[in-house]
Amino acid sequence: MTKRLLLPIALLVAGNAWAQTATFNGQTIDDKVSIGYGVASGDVDGDGKPDILLADKKEIVWYKNPGKKDGAWTRYVIAKDLTEQDNVCIAARDIDGDGKVEVAVGAGWNPSETKDLKKSGAVFYMVAPEDRTTPWEAVRLHHEVTIHRMQWVKTADGPFQLAVLPLHGEGNTGGNGAGVKLIIFDVPENRKGIWPYSLIETNMHMTHNFQPMEIPGRMAGLSIAGKEGVQVFLNGADGWAASGNWMVPERGVGGDPNRKSREKAVVHCHHRTYARHRSGSVYQR
Ligand SMILES: [Ca+2]
Ligand SMILES: [Ca+2]
Numbered sequence: 628m629t630k631r632l633l634l635p636i637a638l639l640v641a642g643n644a645w646a647q648t649a650t651f652n653g654q655t656i657d658d659k660v661s662i663g664y665g666v667a668s669g670d671v672d673g674d675g676k677p678d679i680l681l682a683d684k685k686e687i688v689w690y691k692n693p694g695k696k697d698g699a700w701t702r703y704v705i706a707k708d709l710t711e712q713d714n715v716c717i718a719a720r721d722i723d724g725d726g727k728v729e730v731a732v733g734a735g736w737n738p739s740e741t742k743d744l745k746k747s748g749a750v751f752y753m754v755a756p757e758d759r760t761t762p763w764e765a766v767r768l769h770h771e772v773t774i775h776r777m778q779w780v781k782t783a784d785g786p787f788q789l790a791v792l793p794l795h796g797e798g799n800t801g802g803n804g805a806g807v808k809l810i811i812f813d814v815p816e817n818r819k820g821i822w823p824y825s826l827i828e829t830n831m832h833m834t835h836n837f838q839p840m841e842i843p844g845r846m847a848g849l850s851i852a853g854k855e856g857v858q859v860f861l862n863g864a865d866g867w868a869a870s871g872n873w874m875v876p877e878r879g880v881g882g883d884p885n886r887k888s889r890e891k892a893v894v895h896c897h898h899r900t901y902a903r904h905r906s907g908s909v910y911q912r
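In short: position in the sequence shown from 1, add 627, done, that's the numbering used here.
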C-alpha cells in the first residue's frame, strides 16, 4: 500500500473516533420535575441567552439561563392548574421579532377520552406580562380531543402559524376510526381575541409527533409521524394539505419509550412491534 493511500485511511479512522466522542456535560437544573411532558427552548426574557421552558404535570415554568457555567437556572412559574388534567406540550418561538419567545401550551391530557371535548384536550396562548418572571395570562383557543403536540411554523410568505396535533381522531378506539385533524391557527393582531383556525384532515391515526420543515421564502412543510408512517404535509396555494409523500411508508413511528431501556423506543402497530435503537436502526420483532 502506498503512502498516498495510507493517509486518507488514517484520517478516516481518526474521523470516526472524533465522531463518537461526546462533548456534552450533563447538568441537573431541577430535580423535582413531576412529569415534564413538554420541553422547549428560547429566549424568554430577551437577554440574548436561550432559556428552557417546561410543561410539567400541573405547572408551566421557565428556567433562566444563568449565562455562566455551574450557575443556577432560576425557575419561574408561567401558569399553574390550567386544566384538571395534566399539561402535555409547549411551543416557544419569537414570532414577532422582538427577541423574546411567544408561548403556547397544550393541557387537558386525557388520551383515553376521544369523545368528550370537555374532558379531553385544551390549547392556550400565554400572554406575557411586562415582567416575564411573574404569572402569564392564559387565552383559551379552540381544541380537539387528545391534544398532544404543538409547534410554531413560519410560512413561506412570512407570518407564523401555530400547528397543534392531537393524538387521536374524534371517537377513535384503539387507534381506529376518524382520521386525526391537525389544527392550524393564524395569529390574530389582538392575541387576546379570537384565533382563526382551520382543521386539516390527515387521514392518519395515533399521530405521536410532528416536525416543521421550513425553507424561508420557498416552502413551509410538516412531517407527521403516526401509525401509518411519516407523511409530509405542505402549505400550498390552498392552505395545508397532505402531500401523499411518505418519508416512512407503512410503518408505525413514535410510541412509548421503553422505560427499562432508554436505548430503545418501541411502537406497536399493525400487530407488529418495532424497536428503534439509538443508532437509528429499526428492528422488527
Ligand atoms: Ca434569556
Ligand atoms: Ca416575541
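Even for Gly, the Cβ is constructed at its ideal location relative to N, Cα and C.
Check: residue i C-beta below 7 Å from any heavy atom of ligand 1
i: Asp678; result: yes
i: Asp758; result: no
i: Val671; result: yes
i: Asp713; result: no
i: Lys691; result: yes
i: Asp674; result: yes
Check: residue i C-beta below 7 Å from any heavy atom of ligand 2
i: Lys727; result: yes
i: Ile722; result: yes
Cα-Cα separation, residue i to residue j
i: Gln647; j: Pro693; result: 29 Å
i: Ser914; j: Ala719; result: Absent from the model: residue 914. The displayed extent of the chain is 628 to 912, so no value can be given.
i: Lys854; j: Pro839; result: 19 Å
i: Val909; j: Pro762; result: The pLDDT assigned to Val909 is 40, lower than 50, so where the model puts this residue is not dependable; a value taken from the coordinates is nonetheless given after this. Using only the alpha carbons, I get a separation of about 44 Å.
i: Val894; j: Pro843; result: The predicted position of Val894 is uncertain, since its pLDDT is 37 and thus under 50; no value can be drawn from it.
i: Pro738; j: Thr773; result: 5 Å
i: Gly866; j: Phe812; result: 12 Å
i: Tyr752; j: Leu768; result: 7 Å
i: Gly669; j: Thr701; result: 15 Å
i: Gly802; j: Val857; result: 16 Å
i: Arg759; j: Val671; result: 7 Å
i: Thr650; j: Thr800; result: 44 Å
i: Glu771; j: Tyr664; result: 19 Å
i: Gly798; j: Ile722; result: 34 Å
i: Asp725; j: Asp674; result: 11 Å
i: Leu794; j: Glu764; result: 26 Å
i: Ile662; j: Asp683; result: 6 Å
i: Pro756; j: Arg878; result: 45 Å
i: Ser747; j: Tyr824; result: 19 Å
i: Asp713; j: Val660; result: 13 Å
i: Ala852; j: His832; result: 9 Å
i: Lys891; j: Val880; result: Because the pLDDT at Lys891 is just 35, under 50, the model does not fix this residue reliably, and the point stays unresolved.
i: Trp822; j: Gly785; result: 18 Å
i: Val666; j: Leu744; result: 25 Å
i: Lys781; j: Glu816; result: 16 Å
i: Val728; j: Trp873; result: 32 Å
Beta-carbon gap between residue i and residue j smaller than 8 Å
i: Val875; j: Lys819; result: no
i: Val814; j: Gln788; result: yes
i: Phe860; j: Gly848; result: yes
i: Val704; j: Gly733; result: no
i: Thr834; j: Ala869; result: no
i: Met777; j: Val791; result: yes
i: Leu681; j: Val730; result: no
i: Ala805; j: Gly796; result: yes
i: Leu601; j: Ala749; result: This structure gives no information on residue 601, because the portion of the chain shown stretches from 628 to 912.
i: Asp697; j: Trp689; result: no
i: Ile687; j: Ala699; result: no
C-beta neighbour in chain B for residue i, strict 8 Å
i: Gly733; result: In summary, chain B is missing from the structure at hand, where a single protein chain is found.
Output the residue ranges of the beta strand (DSSP E) runs that lie fully inside the segment 780 to 805 and measure 3 residues or longer, sorted by chain position.
-> 787 to 793
Could you name each continuous beta strand (DSSP E) segment of 3 residues or more that falls completely within the segment 815 to 893, going from the start of the chain to the end?
-> 824 to 828, 836 to 842, 846 to 853, 856 to 863, 866 to 876
Give, in chain order, every unbroken run of the beta strand (DSSP E) that is at least 3 residues long and sits entirely within the segment 647 to 708.
-> 665 to 669, 678 to 682, 686 to 691, 701 to 707
May I have a chain-ordered list of the beta strand (DSSP E) segments no shorter than 3 residues that lie completely inside the segment 714 to 747?
-> 716 to 720, 729 to 734
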